[in-house]
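Trainee: Can you keep this structure in mind? I'll have questions shortly.
In the working numbering, the protein residues as written are 3 to 478.
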């Protein structure tokens with residue numbers, strides 16, 4: 003039950019109506035929202051729900067134990083046990099077959115005949131997201147920084163709230179639990195912002211991301227030899243646009259739906275393709291995940307405290323882990339490693355400039371900003387070849403076709419070019435359009451608004467491509 007479907011529209015409207023009817027009783031409202039969220043997970047696959055419930059119970063009681071053991075030396079053992087249970091479950095579902103397959107290749111190379119069975123497991127939807135949310139809760143509880151739930155119901159809703167269950171945002175306790183535990187508002191807060199988020203998310207995901215995928219990127223990455231070099235260059239940037247449109251579109255819808263229920267989910271994207279360096283890009287891209295990497299991997303490793311070489315090593319470890327989180331394939335590992343190298347090079351350039359007496363905190367001249375943006379967008383786009391293909395041989399095949407400088411292909415799609423350029427351009431001007439939409443909706447008279455909503459929804463569903471693509475980050 004993806005967001006941009008008729009089924010979700012009816013599910014969302016029914017859930018929203020009942021939730022607001024029972025809002026006077028917070029326990030009843032939270033219980034109903036938890037039931038709706040579990041139904042949402044169950045609709046994908048019953049196993050997904052069982053794994054989510056198991057994770058919720060384990061982490062709630064491990065967290066309770068950490069609170070009770072404050073000052074007790076056994077507390078660290080409890081934390082490590084909780085982390086191993088979380089990461090072990092995630093690793094079993096997502097990485098068992100990858101590990102066994104590569105171990106089998108290594109043993110065969112060493113002339114050792116050992117049969118290791120592949121389980122062909124399907125990772126439960128959302129497990130990467132709610133597992134990282136649970137890890138953050140346990141670590142923050144150990145650090146005495148977590149907001150503690152009043153009861154299991156609050157924590158279960160924190161873990162399962164359906165708008166963010168499948169693909170984030172990854173919420174920390176201070177970002178969502180206080181809202182869950184607070185009395186329900188008397189009216190929908192920031193209704194215009196909610197409508198704007200949902201509308202922009204639907205346009206991004208339903209119309210633009212699906213159009214780009216169906217017109218070029220899906221086939222180009224499957225059969226690069228059938229396309230000209232120019233088309234393959236366009237496909238690289240078009241896929242870069244597609245990932246942003248698809249994932250930020252999903253997140254916009256999730257945040258908009260969350261606002262309708264009275265919950266303000268954290269921002270996940272801040273116009274990342276306007277970034278003028280790779281550090282700026284990761285401050286703008288998948289913000290809740292990049293923040294998680296910084297807080298729970300990079301800083302515990304030492305961050306940048308122990309000299310430049312240790313900083314570069316910490317960055318490499320962090321971003322190889324970033325690649326592994328995305329999926330069990332060497333393509334993702336290479337993609338993460340490339341970003342680790344790029345960030346290390348960026349840090350090194352800052353160190354060199356500081357040694358030369360250059361103030362790295364002062365505003366940069368326009369030519370440096372433009373040059374930095376050009377390098378950043380090109381690096382991110384071409385690194386995504388490994389992200390899209392998932393494995394190194396297919397990525398190398400794409401590069402070979404790209405640099406073959408062939409001129410015969412399937413025809414240059416001007417529509418895809420327009421969407422790609424517009425997507426990148428809107429990273430510079432999008433906030434102005436968004437704020438304008440919010441202001442326009444605010445000025446609409448209340449009786450007119452439902453007519454506008456229905457009209458927008460009908461228009462979007464009429465324009466959407468046939469066979470809409472699945473959300474890319476559902477696979478992670």
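Don't be surprised by glycine CBs; every beta carbon is placed ideally from N, CA and C.
Where residue 277 and residue 304 are concerned, what is the direct C-alpha to C-alpha distance, given to the nearest angstrom?
Mentor: Taking the first residue of the chain shown as 1, we reach residue 277 at position 275. Taking the first residue of the chain shown as 1, we reach residue 304 at position 302. Using only the alpha carbons, I get a separation of about 26 Å.
Trainee: From 345, 199, 371, pick the residue whose C-alpha is nearest to that of residue 436; which is it?
Mentor: If you number the chain shown from 1, residue 436 lands on position 434. If you compare the alpha carbons of 345, 199, 371 with that of residue 436, the shortest gap goes to 199.
Trainee: For residue 169, which residues in the same chain have their Cβ closer than 8 Å to its Cβ, ignoring the five residues on either side in sequence?
Mentor: Within the chain shown, numbered from 1, the residue matching residue 169 stands at position 167. Excluding the 5 residues flanking it on each side, residue 169 has same chain C-beta neighbours closer than 8 Å at 128, 131, 249, 252, 253, 256, 473, 475, 476, 478, in chain order.
Trainee: For residue 320, collect the residues of the same chain with a Cβ closer than 6 Å to its Cβ; drop the 5 residues on either side in sequence, then sort them by chain order.
Mentor: Translated into positions along the chain shown, residue 320 becomes position 318. Correct list, in chain order: 295, 299, 300.
Trainee: For residue 390 and residue 48, what's the separation of their Cα atoms in angstroms?
Mentor: Locating residue 390 in the chain shown gives position 388, where the first residue counts as 1. Locating residue 48 in the chain shown gives position 46, where the first residue counts as 1. Roughly 29 Å between the two C-alpha positions.
Trainee: Taking only runs of the alpha helix (DSSP H) that begin and end inside the stretch 168-245, which ones reach a length of at least 4 residues, in chain order?
Mentor: For the stretch 168-245, whole alpha helix (DSSP H) runs of length 4 or above, ordered along the chain, are 175-183, 193-204, 220-224.
Trainee: In the DSSP assignment, find the unbroken alpha helix (DSSP H) run with residue 6 in it and report its ends.
Mentor: Position 4 of the chain shown holds residue 6. Counting along the chain, residue 6 falls outside any alpha helix (DSSP H), and DSSP gives it neither H nor E.
Trainee: Exposed or buried, what is residue 464 when buried is set at 16 or more other beta-carbons lying within 10 Å of its beta-carbon?
Mentor: Your numbering for residue 464 matches position 462 in the chain shown. It counts as exposed.
Trainee: Please report the straight-line C-alpha distance between residue 74 and residue 377, rounded to a whole angstrom.
Mentor: As a working note, residue 74 is residue 72 in the chain shown. As a working note, residue 377 is residue 375 in the chain shown. Roughly 51 Å separates the two Cα atoms.
Trainee: With C-beta atoms as the reference, is residue 348 less than 8 Å away from residue 438?
Mentor: Numbered from 1 along the chain shown, position 346 holds the residue referred to as residue 348. Numbered from 1 along the chain shown, position 436 holds the residue referred to as residue 438. Cβ distance not < 8 Å, so residue 348 and residue 438 don't count as in contact.
Trainee: Considering only their Cβ atoms, is the gap separating residue 331 from residue 279 smaller than 8 Å?
Mentor: To locate residue 279, count along the chain shown from 1; it is residue 277. To locate residue 331, count along the chain shown from 1; it is residue 329. Not a contact, by the Cβ cut-off of 8 Å.
Trainee: Classify residue 26: buried if its beta carbon has 16 or more other beta carbons within 10 angstroms, exposed otherwise.
Mentor: As a working note, residue 26 is residue 24 in the chain shown. Under the 10 Å beta carbon count, residue 26 is surrounded by fewer than 16 other beta carbons and is classified as exposed.
Trainee: So, with DSSP's three-state summary, where would you put residue 470?
Mentor: Start at 1 with the first residue of the chain shown, and residue 470 comes out as number 468. In this structure, residue 470 counts as coil in the three-state DSSP scheme.
Trainee: How is the alpha helix (DSSP H) around residue 107 delimited, first residue to last?
Mentor: On the chain shown, position 105 is the one that residue 107 refers to. 77-111 is the extent of the alpha helix (DSSP H) around residue 107.
Trainee: Just the Cα atoms here: how many angstroms apart are residue 245 and residue 206?
Mentor: On the chain shown, residue 245 is found 243 positions in, with the first residue counted as 1. On the chain shown, residue 206 is found 204 positions in, with the first residue counted as 1. Computed Cα separation, rounded: 10 Å.
Trainee: Any idea if residue 309 is buried or exposed, counting beta-carbon neighbours within 10 angstroms, 16 or more meaning buried?
Mentor: Along the chain shown, one-based indexing puts residue 309 at 307. Label assigned to residue 309: exposed.
Trainee: Less than 8 Å between the beta carbons of residue 6 and residue 213, yes or no?
Mentor: Residue numbering aside, residue 6 sits at position 4 when the chain shown is read from its first letter. Residue numbering aside, residue 213 sits at position 211 when the chain shown is read from its first letter. With contacts defined by Cβ atoms closer than 8 Å, residue 6 and residue 213 do not form a contacting pair.
Trainee: Within 10 Å of its beta-carbon, does residue 311 have 16 or more other beta-carbons around it, so buried, or fewer, so exposed?
Mentor: Taking the chain shown and counting its residues from 1, the one referred to as residue 311 is at position 309. By the neighbour-count rule (16 or more Cβ atoms within 10 Å), residue 311 is not buried but exposed.
Trainee: Below 7 Å CB to CB, which residues in the same chain sit around residue 33 once its five sequence neighbours on both sides are set aside?
Mentor: The sequence position of residue 33 within the chain shown is 31, counting from 1. Correct list, in chain order: 155.
Trainee: Excluding sequence positions up to five away, which residues of its chain have a Cβ less than 6 Å from the Cβ of residue 338?
Mentor: Here residue 338 is taken as the residue at index 336 of the chain shown, counted from 1. Within the same chain, residue 338 has close Cβ partners 321, 322, 324, 325.
Trainee: Taking the CB atoms as reference points, tell me whether residue 85 and residue 140 lie closer together than 8 Å.
Mentor: The residue given as residue 85 occupies position 83 in the chain shown. The residue given as residue 140 occupies position 138 in the chain shown. Going by C-beta atoms, residue 85 is nearer than 8 Å to residue 140.
Trainee: Please list the terminal residues of the continuous alpha helix (DSSP H) segment that includes residue 347.
Mentor: Indexing the chain shown from 1 puts residue 347 at position 345. Per DSSP, residue 347 belongs to the alpha helix (DSSP H) from 332-357.
Trainee: Given that a residue counts as buried once 16 or more other Cβ atoms are within 10 Å of its Cβ, and exposed if not, what is residue 135?
Mentor: Numbered from 1 along the chain shown, position 133 holds the residue referred to as residue 135. It counts as buried.
Trainee: Please list the terminal residues of the continuous alpha helix (DSSP H) segment that includes residue 399.
Mentor: Reading the chain shown from its first residue, position 397 is the one you call residue 399. Residues 394-404.
Trainee: Is the stretch 148-165 touching the stretch 38-56, taking contact as three or more C-beta pairs under 8 Å?
Mentor: By the Cβ rule, the stretch 148-165 counts as touching the stretch 38-56, because three or more pairs are nearer than 8 Å.
Trainee: Relative to the alpha-carbon of residue 9, which residue among 45, 35, 28, 22 has its alpha-carbon at the smallest distance?
Mentor: Within the chain shown, residue 9 is the residue found at index 7, counting from 1. Cα-wise, what sits closest to residue 9 is 45.
Trainee: Give the straight-line distance between the Cα atoms of residue 150 and residue 143, rounded to the nearest whole angstrom.
Mentor: Residue mapping note: residue 150 aligns to position 148 of the chain shown, counting from 1. Residue mapping note: residue 143 aligns to position 141 of the chain shown, counting from 1. Cα to Cα, residue 150 sits roughly 8 Å from residue 143.
Trainee: Kindly provide the ranges of any alpha helix (DSSP H) runs that are 4 or more residues long and lie completely inside the stretch 285-316, ordered along the chain.
Mentor: Segments of the alpha helix (DSSP H) lying fully in the stretch 285-316: 289-295.
Trainee: Taking the straight line between their C-alpha atoms, what separation do you get for residue 418 and residue 241?
Mentor: Position 416 of the chain shown holds residue 418. Position 239 of the chain shown holds residue 241. Roughly 10 Å separates the two Cα atoms.
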